[in-house]
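Q: Going by our numbering, the sequence shown opens with residue 183, and the numbers climb by one from there.
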Amino acid sequence: MQQSAPGPLISATDFSELILENMVERIIAFDCNFKVLQVNQAFARWMGSSVDDAAGRSLFELLPELDTPARRAVLEQLWTGAAHFSNERYRSEEGFFEWRANPLRNHGGTIIGGLCLLRDITPVMKQFNEIGKLRTALHEKDVLLESRARIAEAILDHTHDYIAVLDTGLVYRAVNKAFLKYAGKTSEEMIGRQVLEVFPWLETSVFYTGMQEALTGKPVEYKNIPFSLSGGYANAYFIPLTFGDGLVYGVMLMTQDITELVQRRQEQEAAANAMRGQLQAVVRHRSALRSVFDASRDVILVFNREYIVQEANQRFMEYVGRSRDEVLGRSVYDIYGPGFRDSDIFQQLEQCWTGEVVVSDNYRFLQGEARGRVSLMPLHDEQGTITNVMVVAEDHTELLQKNEELARVNRELAERNQELDSVLYAASHDLRAPVRKIRYFLSALGALAPGSKTGPELLEKAGRAAERMESLVNSLADFQKNLPQESRSPTDLDTLLRTEATRLGLAGNIHWTSLPEIRAYPAQLRLLFEELFTNALKFRQPDRPLRVQVSAEEVPRGNGPSMLLLAVTDNGSGFDPACNDRVCDLFFRAHDAGFSGNGLGLPLCRKIMHAHQGSISVAGRKGEGTTVCLHFPCISVTAAG
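#1: Let me know the secondary structure DSSP gives GLN292 once reduced to three states.
#2: Just mark GLU587 as buried or exposed, buried being the case when its beta carbon has 16 or more other beta carbons within 10 Å.
#3: According to DSSP, simplified to helix, strand and coil, what is TYR419?
#4: Please report the distance separating the alpha-carbon of PHE711 from that of GLU682.
#5: Taking 7 Å as the cut-off, does the CB of GLN533 come closer than this to any heavy atom belonging to the ligand NAP?
#6: How is the alpha helix (DSSP H) around CYS811 delimited, first residue to last?
#7: Put ARG764 into one of helix, strand or coil per three-state DSSP.
#8: Check this for me: beta carbons of GLY295 and ASP234, under 8 Å apart or not?
#9: Would you check if the region 370-380 and the region 354-362 touch, i.e. whether three or more CB-CB distances between them fall below 8 Å?
#10: Which residue comes first and which comes last in the alpha helix (DSSP H) that contains ASP507?
#11: When you compare only the Cα positions, how much space is there between ALA494 and VAL571?
#12: Just to confirm before moving on: does the CB-CB distance between ILE517 and ARG497 stay below 8 Å?
#13: If you compare alpha carbons, which of PHE425, ARG317, ARG487, ALA760 is closest to GLU532?
#14: So, under 8 Å CB-CB, GLY802 and ASN762 are touching, yes? Tell me the CB distance rounded to an integer number of Å.
#15: Assign ASP476 to one of three DSSP states: helix, strand, or coil.
#16: DSSP three-state label for SER369, please.
#17: According to DSSP, simplified to helix, strand and coil, what is HIS693?
#18: Between ALA689 and the rest of its own chain, which residues show a CB-CB distance below 8 Å, the 5 nearest in sequence each way excluded?
#19: Specify whether the region 234-245 and the region 302-321 touch according to this definition: at least 3 beta carbon pairs, one from each stretch, less than 8 Å apart.
#20: Taking 7 Å as the limit between beta carbons, can you name the residues of its chain near ASN717, skipping five residues before and five after?
#21: Please say whether LEU435 and ALA416 have beta carbons closer to each other than 8 Å?
#22: Measuring alpha carbon to alpha carbon, tell me which residue in GLN394, GLY414, ASP676 is nearest GLY432.
#23: Let me confirm a value: ASN204 is counted as buried when at least 16 other C-beta atoms fall within 10 Å, else exposed. Which label applies?
#24: Nearest to ARG685 by alpha carbon, out of GLU713, LEU581, GLN667, ARG506?
#25: Hey, how far is the Cα of ASP507 from the Cα of PRO520?
#26: Going by C-alpha distance, which of GLU564, PHE278, PHE420 is nearest TYR390?
#27: Alpha carbon to alpha carbon, how far is VAL514 from LYS308?
#28: ILE700 and LEU746 look like a contact to me (Cβ under 8 Å); what is the Cβ gap, rounded to whole Å?
#29: Straight-line CA distance for LEU260 to PRO743?
#30: So what's PHE439 in DSSP terms, helix, strand or just coil?
#31: Just the Cα atoms here: how many angstroms apart are PHE814 and TYR501?
#32: Buried or exposed: which applies to SER268, given that a residue is buried once 16 or more other Cβ atoms fall within 10 Å of its Cβ?
#33: Give a yes or no on whether the C-beta atoms belonging to THR695 and SER733 are separated by under 8 Å.
#34: Consult DSSP for VAL206 and reduce its assignment to one of helix, strand or coil.
#35: Using CA atoms only, rank isn't needed, just tell me which of ILE345, GLY366, LYS367, ALA252 is closest to ASN358.
#36: Between which two residues does the beta strand (DSSP E) harbouring TRP281 extend?
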């Protein structure tokens, strides 16, 4: 949903609140005493109250289901930085919710509470059960074709997708209830009539083009196309219906109204749409079922208790790089190798044989780099005995990458806004001092008696103040310039430090052990170390030689990947530790006016570290020196020595 902003750029906070208040998931934030800080509109509606009524109440008063020793233990783990994810039941034995709990941190990174997200996955769980029943029906060899057709008709009449079957003359032969409701017509007004007779405006639309192309035997799909009757958008699939010899006898049209759906919802529905398409095709011929099954964009695999493959779609064949003959009737161990038994999915499959449906989000596939949702569903025979397990793997790699990219852009936007705030503060504060001096000197000059000898001195002071203001403006303009544009590449820190130390004439003062090679922006790193070494030289102790020590260390980061810590320590004059948190702010100077500088060096270092998705912290010790810690999120190409 789009909303207009009052200015040219909506703030990061407004943008976050806009997303929060329009999410369908229930979200609740609470402090370390489990006191509710905020809930979103979806949570308030679910509780039958308002957002304001929820604030300040106990978390366990709002969600008594969480007030158990086990769930309290999970919530208390948030204070250690750990996150939690599980599927839970709340308020109804018929309902399932995906429960995500994460630590809530302030801008300094301190944990101040927790954030819970409850996503209603009841329809998804029911859908997986429905898919299991559909697959069971497909493998009941003794079920009559007429019975299968009735089952398919019943299922299709309960779907929200608009489905129709047309013959080679594009005459409607079957239409489901959703299509009839959408068109505002009865079955008598559509069945047996040509498509343009029912909808004349379709002649110039992609729908009519797609039907004609599908009659040539080629499946067609259109995404995000205008949906004329509703004014929204839809995905349309045109599937040729063929006999065993490949002769096309009709086309099946499946239309999804995606106006109110998000991309992830579309991906989750893909398996169900494929199954419904297969059942519709069974009405006429088994080969049509196979074509739809193979047209699914998800990886689908069915095997028995001995892990012998009973069925697999074409997408699975492409995924494992084998033909159908090399897969059907073969053991899963032969396909994936001996490591299959030691994988996480093997343990989850064992749960399926007890009757449990297992769903794993953000799952890394056994082969390749794809990630997505893997659903494991037991399939039963007529007596209710579990005979097979069906695996449906939905590739969400692109969606996850886009989400990660969106999160990165949001972080950069927040950092940019913070930087702009600092620039505005500097413009309104630091630049006023020289302006006040100029005004004072000019006022004093105007008050001098004619022939006074102090006039030139006042003019000289006013000139120096103007030069100071010009220097601040130029420094601020330089700081606002973009960093050097380049691609990340393997960067040898040993070589980079040696080059910079030699260039600055500090080769004998800077020491380090073997440093790793990392993927970074080399020009930016050179600028970073130039600032750090120049500062060390500027603030050195006059009574002892300058010494700078650089060390590298791999440090853990919770459940995420390790980080590379580079520590740069000097033996200079240092500064008051009370200034540690402010030394990277624009124009902040921890030393007295006896030292030259404009207060932009460390802010530039922070800007460079943010460009590397890293962070910087500075610790001063008055009279002893300074340590600058550089944290890089991506660990080195070669481990630190």
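We put the CB at the ideal spot given by N, CA and C, even for glycine.
A: Let me lay it out:
#1: Residue identity differs from the one stated: residue 292 is Thr in this sequence, not Gln. Here THR292 sits in coil by DSSP.
#2: exposed
#3: strand
#4: 7 Å
#5: As for the ligand NAP, it is missing from this structure, which has no ligand bound.
#6: No alpha helix (DSSP H) holds CYS811; the beta strand (DSSP E) holding it covers 807-814.
#7: coil
#8: no
#9: yes
#10: Premise fails: ASP507 is in no alpha helix (DSSP H) and is neither H nor E.
#11: Cα to Cα, ALA494 sits roughly 12 Å from VAL571.
#12: no
#13: Of PHE425, ARG317, ARG487, ALA760, the residue nearest in Cα terms is ARG487.
#14: The Cβ separation is near 6 Å, so the contact holds.
#15: helix
#16: helix
#17: strand
#18: Apart from sequence neighbours up to five positions away, the residues of its chain that approach ALA689 with a beta-carbon distance below 8 Å are ARG680, ALA683, ordered along the chain.
#19: no
#20: If the five residues before and after ASN717 are omitted, its C-beta is found closer than 7 Å to the C-beta atoms of GLY783, all from its own chain and listed in chain order.
#21: No, they are not a contact pair.
#22: The shortest Cα separation from GLY432 among GLN394, GLY414, ASP676 belongs to GLN394.
#23: exposed
#24: GLU713
#25: Approximately 21 Å, taken between the alpha carbons.
#26: PHE420
#27: 28 Å
#28: 6 Å
#29: 19 Å
#30: Here residue 439 turns out to be Asp, not Phe, going by the sequence shown. Correct three-state label for ASP439: strand.
#31: 35 Å
#32: Its Cβ having fewer than 16 others within 10 Å, SER268 is exposed.
#33: yes
#34: coil
#35: ILE345
#36: 279-287
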